[in-house]
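Novice: Counting from 1, position 18 in the sequence shown corresponds to residue 33 in this note's numbering; the numbering is continuous, with no gaps. There's a structure below that I have some questions on.
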Amino acid sequence: MQQRTFTCSFEHYSSREEMTPKMQELAEASIQAMQDAYAPYSKFNVGAALLLENGVVIKGNNQENAAYPSGLCAERVAFFAASANYPGVRIVAAAVTALSAQYVQGEPVTPCGSCRQSMLEYELKQASDIPLLMISPSGETLLSPSIKQLLPLYFESRGKF
Ligand code: THU
């Protein structure tokens with residue numbers, strides 16, 4: 016038996032001013048997306064923004080439904096839209112942020128397990144890491160260098176894409 020350890024390392028920014036202008040732009044796009052979320056049931060607005068290698072920014076936000084499981088998270092709305100509208104165009108960075116009308120979201124939002132698995136598929140497909148900014152309304156931000164880092168021992172289909 017061997018003990019194995021998974022290390023997850025990420026950058027922590029106390030305010031948006033500490034980030035590069037490009038990162039700030041993507042953060043701003045995710046905040047705009049969050050404002051247009053359709054979340055009448057949870058009142059938990061989530062926004063995501065992706066920067067593509069062609070310079071296009073894709074926005075996504077959570078879309079809820081009276082039949083609860085029919086809704087979708089912001090991250091998947093954004094990644095699926097990118098893949099549908101710009102197939103084969105590399106995603107160079109992603110950002111996600113959230114704001115709740117019901118309680119104070121002090122910490123940066125971190126994606127749910129299903130979104131991690133979905134985002135990971137696109138990272139593996141394009142064979143290059145997708146850095147992910149996780150932003151709180153106060154400006155505190157975490158930066159993961161890749162999606163892989165957020166999902167140790169992830170599921171990977173052994174088939175070809
Ligand atoms: N949600 C996201 O958009 N992204 C996540 O990573 C987790 C949760 C949404 C789903 C639902 O509309 C609301 O947040 C409350 O769970």
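Glycine residues also receive a C-beta, built at the ideal position from the N, C-alpha and C atoms.
Near PRO126, what residues of its chain come up, given a Cβ to Cβ distance below 8 Å and the 5 sequence neighbours on each side ignored?
Specialist: So the qualifying residues of the chain are CYS88, GLU90, VAL111, MET134, LEU147, MET149 and LEU165.
Novice: Taking only heavy atoms of the ligand THU into account, decide whether any of them is closer than 7 Å to the Cβ of ASN80.
Specialist: No, since every heavy atom of the ligand THU falls outside the 7 Å radius drawn around the Cβ of ASN80.
Novice: Could you tell me which residues DSSP pairs with THR112 in its beta bridges?
Specialist: Per DSSP, GLY62 and ILE150.
Novice: How would you call SER45, buried or exposed, if buried means at least 16 neighbouring beta carbons within 10 angstroms?
Specialist: Counting Cβ neighbours within 10 Å, SER45 comes out buried, since at least 16 surround it.
Novice: In the DSSP assignment, find the alpha helix (DSSP H) that holds LEU41 and state where it starts and stops.
Specialist: Where LEU41 is concerned, the enclosing alpha helix (DSSP H) stretches over 36-50.
Novice: Going straight from the alpha carbon of PRO152 to that of ARG131, what length do you get?
Specialist: Whole-angstrom Cα-Cα distance: 21 Å.
Novice: Can you list, in chain order, the residues of its chain with a C-beta nearer than 6 Å to that of TYR56? Leave out the 5 residues immediately preceding and following it.
Specialist: The answer, listed in chain order, is GLU79.
Novice: If the criterion is Cβ atoms closer than 8 Å, does the pair VAL104 and GLU68 meet it?
Specialist: Cβ atoms of VAL104 and GLU68: closer than 8 Å.
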